[in-house]
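Engineer: One structure is given below, represented as structure tokens, and several questions about it will come after.
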Amino acid sequence: MAIKHHYRQSIWKDAIPMWLLWMIPFLFHLLLFAIYDVTTKK
Numbered sequence: 002m003a004i005k006h007h008y009r010q011s012i013w014k015d016a017i018p019m020w021l022l023w024m025i026p027f028l029f030h031l032l033l034f035a036i037y038d039v040t041t042k043k
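Numbering (this note's numbering), first residue to last: 2 to 43.
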């Protein structure tokens, strides 16, 4: 059971590259900025 869990965890880590983890906050802030920009221009 523990081995299967570790195996599943390693697959999950391989599926998400490190650069993607760094990009997520950047994209999130970009999205918030875009929403703020649209709502203030009305």
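Ideal Cβ positions, reconstructed from N, Cα and C, are used throughout, including at glycine.
Quick one: Cα of Phe34 to Cα of Pro18, how far?
Structural biologist: Looking at the two C-alpha atoms, the distance is approximately 25 Å.
Engineer: From Asp15 to Ile36, what distance separates their C-alpha atoms?
Structural biologist: Approximately 32 Å, taken between the alpha carbons.
Engineer: In whole angstroms, what separates the C-alpha of Val39 from that of Leu22?
Structural biologist: Distance between the alpha carbons of Val39 and Leu22: 27 Å.
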